[in-house]
Each structure stands twice: as C-alpha cells, then as structure tokens.
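Notes follow the structure.
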Amino acid sequence: MNEEALPEEQSIGAAFKQGTIAGVPICLGYMPIAIAYGVLASQSGLTIFETTMMSVLVFAGAAQFMAANMFAQGALFLQIVVATFVLNFRHFIMSMSLMNQFKHYSLPWKFGLSLGLTDETFAVSALHKKQAKKENSMFFYLALILIAYLSWVFGSLAGALLGEVVPSQLSDSMGIALYAMFIGLLVPSVKKEWRLGLIAILAMILNYFFSRKVGLDTGWAIVLATIFGSLAAIPLMKEEAIE
Amino acid sequence: MTMLTIVGMAIVTMVPRFIPAFIMDRIALKPWLNKWLNAIPFAALGALIFPGVMTVIESDPWIGIVGGLVAAAIALLNLNVIFSVIGAIVAVYLLTM
Chain A
1 MNEEALPEEQ
11 SIGAAFKQGT
21 IAGVPICLGY
31 MPIAIAYGVL
41 ASQSGLTIFE
51 TTMMSVLVFA
61 GAAQFMAANM
71 FAQGALFLQI
81 VVATFVLNFR
91 HFIMSMSLMN
101 QFKHYSLPWK
111 FGLSLGLTDE
121 TFAVSALHKK
131 QAKKENSMFF
141 YLALILIAYL
151 SWVFGSLAGA
161 LLGEVVPSQL
171 SDSMGIALYA
181 MFIGLLVPSV
191 KKEWRLGLIA
201 ILAMILNYFF
211 SRKVGLDTGW
221 AIVLATIFGS
231 LAAIPLMKEE
241 AIE
Chain B
244 MTMLTIVGMA
254 IVTMVPRFIP
264 AFIMDRIALK
274 PWLNKWLNAI
284 PFAALGALIF
294 PGVMTVIESD
304 PWIGIVGGLV
314 AAAIALLNLN
324 VIFSVIGAIV
334 AVYLLTM
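These protein sequence lines map, in sequence, to chains A and B.
With the working numbering as the guide, the letters of the first sequence map in order to residues 1 to 243.
With the working numbering as the guide, the letters of the second sequence map in order to residues 244 to 340.
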C-alpha cells in the first residue's frame with residue numbers, strides 16, 4: 001500500500017456516476033429475482049406492506065425467499081430469525097474483506113456502506129478495488145449500493161402488486177441472472193491471475209462437499225468454503241499480487 | 244407478529260454486516276492476513292456459483308451449467324458483465340423451450 005501517494009483526483013459527481021454504471025448489472029440481475037420474491041411472498045400470505053418492508057429492512061435475497069417459504073409453512077419467529085442468521089453470516093466474512101479495502105474511510109462511512117453489503121454489492125465493490133484509492137471514492141460505492149437497493153425494493157413491490165403475471169418460463173430463465181453476473185465478474189480476474197481461478201475452484205469443490213456430502217445448511221457451507229478456499233491464497237499468492 | 248419477525252431478521256442480518264467496520268482497523272495487518280482478506284472475494288464467488296448454478300432449473304442441472312458456461316465464454320471476450328447476464332438468460336430460455 002502506497003500511503004504517501006496523493007489519491008487520484010475525482011469529483012463527487014464523477015464517482016457517483018461511475019458507481020451507478022458499475023451497479024447496472026446488479027440492478028439487471030436483481031429486478032427479476034425481486035419480482036419473483038414479491039410474488040412468492042404475497043402468495044405466502046404476507047401483505048404488500050410486509051413484503052416490501054422485508055426488502056427495505058433485510059435486503060438479502062436468499063434469506064427473504066427462505067423466510068417467505070417458512071411463513072407459508074407456519075414457522076415460528078425464532079426458527080425464521082435463526083435460519084436468517086445462519087444464511088447471512090457469510091456477509092461477516094465478506095465485510096471483513098471489504099472493510100480492509102475501506103480502512104482509510106471514516107467510521108460513519110464504513111458503518112453506512114457495510115449495511116448495504118450483499119453477495120452482489122460485495123462482489124462488484126471488491127472487484128473495483130482500485131477505485132478505493134481515488135478521491136471521493138466512497139460516493140462510488142454508495143451509488144453502487146443505492147442503485148442495487150432501490151432495484152431490490154421496487155422490484156419486490158412490483159412483484160407483490162403484479163402477482164402471477166410473469167410467464168414462468170421467463171422467470172425460470174431469469175434465475176440464471178445472478179449466477180451469470182458472478183461468473184462474469186470472476187472470469188476477467190482469473191484471466192489476469194490464474195491462481196485466483198484455483199482459489200475459486202477450490203471454494204466450489206469445498207462448497208459442494210460441505211453442502212451435498214456433509215449435509216450442512218447452505219449458509220454454513222458457503223461460510224466454510226469461503227474461509228478455507230481463501231486461506232489457500234496464503235501459500236499460493238505472492239504479496240500484493242491480488243489487485 | 245410478521246412485522247416483528249421481519250425486524251428480527253433485519254437485526255441478525257445487520258449485525259454481522261457492520262461489526263467488521265468497527266474491528267478491522269484494530270487488527271494489525273500482517274502480510275498473510277492481507278493475502279487472505281484479498282482472496283475472499285474470489286473464494287466467495289466460487290462458493291456462490293457452485294453448486295448453486297445447478298439448481299436454476301431443478302429438474303435439469305445441466306441447463307444451469309450450460310447457462311454458466313455461456314456467461315463464462317462471453318466474459319472471456321472481455322465484454323461487460325451485462326452481456327454475460329443477457330447471454331445466459333437467453334441460453335436458459337432457449338434450453339427450456
């Protein structure tokens with residue numbers, strides 16, 4: 001880290017605009033999934049207000065789908081809350097990595113940005129690492145999170161209002177969107193540094209093993225696969241090779 | 244009761260997200276720790292992609308895998324992520340026709 005170098009100049013407006021552009025793929029990936037969540041949640045007996053408020057307050061796709069299913073099955077408060085914790089604990093590991101990237105920001109900024117961390121905002125933010133060294137870069141990450149958040153909230157509301165109008169073949173096909181985004185983010189880094197591909201493949205194998213063979217909950221399987229997969233970087237990577 | 248459950252979900256989701264904002268600058272960053280933290284995004288992406296991608300169409304895991312390969316092929320051409328997303332949706336749509 002080159003602390004003494006002056007940060008590259010960047011206006012707040014330019015940072016915000018760049019962040020919005022970087023957030024467009026997340027928006028595109030979230031929309032169909034948010035609509036599908038809205039439809040499912042209202043079919044599970046949640047009101048339009050409850051369906052939308054869950055997106056406003058929780059902002060975590062997989063957990064919201066799970067909760068909607070559990071509400072439909074008549075699950076109790078504690079069961080849903082504990083299951084949500086288990087599923088979302090992976091964000092703790094991701095936040096450790098992201099807050100290391102943001103360590104020169106003030107605490108209010110770090111706190112605020114951490115609340116907007118999802119799998120998708122984390123992945124895009126972490127892969128725009130150079131941005132963090134520019135002036136006013138917090139507005140880049142703020143814009144990226146805001147556009148993702150707004151598409152999630154309004155998509156959920158749209159789904160709750162529309163109900164079952166999206167043809168199922170189209171909504172099924174849309175299920176690939178977020179996976180395609182993760183792949184589209186991973187491949188360029190692997191092209192530059194093959195060792196990163198090795199780390200990702202190791203995490204895939206570990207996640208398969210923990211979830212399909214050991215039979216762990218999806219949440220714990222992803223947490224363990226991420227921790228152990230990334231530990232391989234310690235012997236594998238050269239210092240500062242990951243940029 | 245539903246709103247109370249939603250608030251409970253919000254709290255247990257928020258706390259793990261923000262705790263690192265308070266603790267990360269107190270951890271003296273050894274080089275090995277930095278290497279580990281920098282590699283987390285790539286391990287997380289791997290774990291998020293697989294085996295989840297096989298569940299896109301529950302009845303046929305191969306459709307998700309083919310969709311993922313289409314996304315990877317488009318990304319190899321140095322095109323924006325949006326094209327990977329659109330290409331994969333089209334591929335899965337055609338395969339489920």
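Glycine included, every Cβ here is placed at the ideal spot set by N, Cα and C.
First and last residue of the uninterrupted alpha helix (DSSP H) at residue i
| i | result |
| --- | --- |
| residue 50 of chain A | 48-57 |
| residue 284 of chain B | 274-292 |
| residue 120 of chain A | 119-126 |
| residue 112 of chain A | 107-115 |
| residue 311 of chain A | Because residue 311 of chain A is not part of the residues shown, which for chain A are 1 to 243, the question remains open. |
| residue 232 of chain A | Residue 232 of chain A -> no alpha helix (DSSP H), and no H or E assigned at all. |
| residue 138 of chain A | 137-162 |
Beta-carbon neighbours of residue i, restricted to chain A and to distances below 7 Å
| i | result |
| --- | --- |
| residue 260 of chain B | 91, 95, 114, 115, 117 |
| residue 279 of chain B | 230, 231, 233, 234 |
| residue 268 of chain B | 103 |
| residue 304 of chain B | Under the 7 Å cutoff, chain A gives no residues; its nearest Cβ is about 11 Å from residue 304 of chain B. |
DSSP three-state assignment for residue i, whether helix, strand or coil
| i | result |
| --- | --- |
| residue 89 of chain A | coil |
| residue 102 of chain A | coil |
| residue 76 of chain A | coil |
| residue 244 of chain A | There is no way to answer for residue 244 of chain A, as the model of chain A reaches only from 1 to 243. |
| residue 321 of chain B | coil |
| residue 329 of chain A | In the structure as shown, chain A starts at 1 and stops at 243, and residue 329 of chain A therefore has no counterpart that could be examined. |
| residue 253 of chain B | helix |
| residue 10 of chain A | coil |
| residue 193 of chain A | coil |
| residue 198 of chain A | helix |
| residue 175 of chain A | coil |
| residue 60 of chain A | coil |
| residue 224 of chain B | This structure gives no information on residue 224 of chain B, because the portion of chain B shown stretches from 244 to 340. |
| residue 330 of chain B | helix |
| residue 248 of chain B | helix |
| residue 270 of chain B | coil |
| residue 262 of chain B | helix |
| residue 31 of chain A | helix |
| residue 1 of chain A | Any answer about residue 1 of chain A is weak, because its pLDDT of 48 lies below 50 and its placement is not dependable; what the coordinates show is given next. In the structure shown, residue 1 of chain A sits in coil (DSSP, three-state: anything other than H, G, I, E or B). |
| residue 313 of chain B | helix |
| residue 45 of chain A | coil |
| residue 300 of chain B | coil |
Beta-carbon proximity list for residue i, same chain, < 6 Å, skipping 5 on both sides
| i | result |
| --- | --- |
| residue 1 of chain A | The predicted model places residue 1 of chain A with a pLDDT of 48, which falls under 50 and marks its position as unreliable, so this point remains unresolved. |
| residue 90 of chain A | 222, 223 |
| residue 178 of chain A | 29 |
| residue 327 of chain B | 314, 317, 318 |
| residue 196 of chain A | 189, 190 |
| residue 147 of chain A | 20, 23, 27 |
| residue 68 of chain A | 40, 41, 44 |
| residue 232 of chain A | 199, 202 |
| residue 174 of chain A | 32 |
| residue 10 of chain A | 134, 135, 136 |
| residue 63 of chain A | 84, 87, 88 |
Closer than 9 Å at the beta carbon, the chain B residues around residue i
| i | result |
| --- | --- |
| residue 81 of chain A | 248, 251, 252, 254, 255 |
| residue 156 of chain A | None at all; the shortest Cβ gap to chain B is about 12 Å. |
| residue 144 of chain A | Simply none; closest approach about 13 Å. |
| residue 20 of chain A | Residues of chain B passing the Cβ test: none, with the nearest at roughly 13 Å. |
Chain-ordered neighbours of residue i on chain B, where CB pairs are closer than 8 Å
| i | result |
| --- | --- |
| residue 199 of chain A | 282, 285, 286, 289 |
| residue 58 of chain A | 249, 252, 253, 256 |
| residue 182 of chain A | 288, 291, 292 |
| residue 250 of chain A | No answer is possible for residue 250 of chain A: the residues shown for chain A start at 1 and end at 243. |
| residue 222 of chain A | 287, 290, 291 |
| residue 204 of chain A | 289, 290, 292, 293, 294 |
Contacts around residue i, its chain only, beta-carbon distance under 7 Å, and the 5 residues preceding and following it disregarded
| i | result |
| --- | --- |
| residue 207 of chain A | 221, 222, 225 |
| residue 127 of chain A | 185, 189 |
| residue 122 of chain A | 94, 98 |
| residue 339 of chain B | 300, 306 |
Beta-carbon neighbours of residue i, restricted to chain B and to distances below 7 Å
| i | result |
| --- | --- |
| residue 175 of chain A | 299 |
| residue 67 of chain A | 252 |
| residue 172 of chain A | 300, 339 |
| residue 38 of chain A | Neighbours of residue 38 of chain A on chain B: none; closest Cβ ~14 Å, over 7 Å. |
| residue 318 of chain A | Outside the displayed span of chain A (1 to 243) sits residue 318 of chain A, for which this structure offers no information. |
Own chain, CB closer than 8 Å to residue i, minus 5 neighbours either side, in chain order
| i | result |
| --- | --- |
| residue 210 of chain A | 216, 220, 221, 224, 225 |
| residue 203 of chain A | 225, 226, 228, 229, 230 |
| residue 296 of chain B | 307, 308, 310, 311 |
| Stretch-stretch touch, CB-based, cutoff 8 Å, three pairs: the segment 265-284 of chain B with the segment 89-104 of chain A | Contact holds: three or more Cβ-Cβ distances are below 8 Å.
| message | Using 8 Å as the cut-off, can you tell me whether the segment 285-301 of chain B makes contact with the segment 76-88 of chain A, which would need three or more C-beta pairs spanning the two stretches below that distance? | response | Cβ pair count under 8 Å is below three, so no.
| request: Pair every Cβ in the segment 131-141 of chain A with every Cβ in the segment 3-23 of chain A, then say whether three or more of these pairs are closer than 8 Å. | output: yes
| Is the segment 115-134 of chain A touching the segment 266-280 of chain B in the sense that three or more CB pairs, one from each, lie closer than 8 Å? | no
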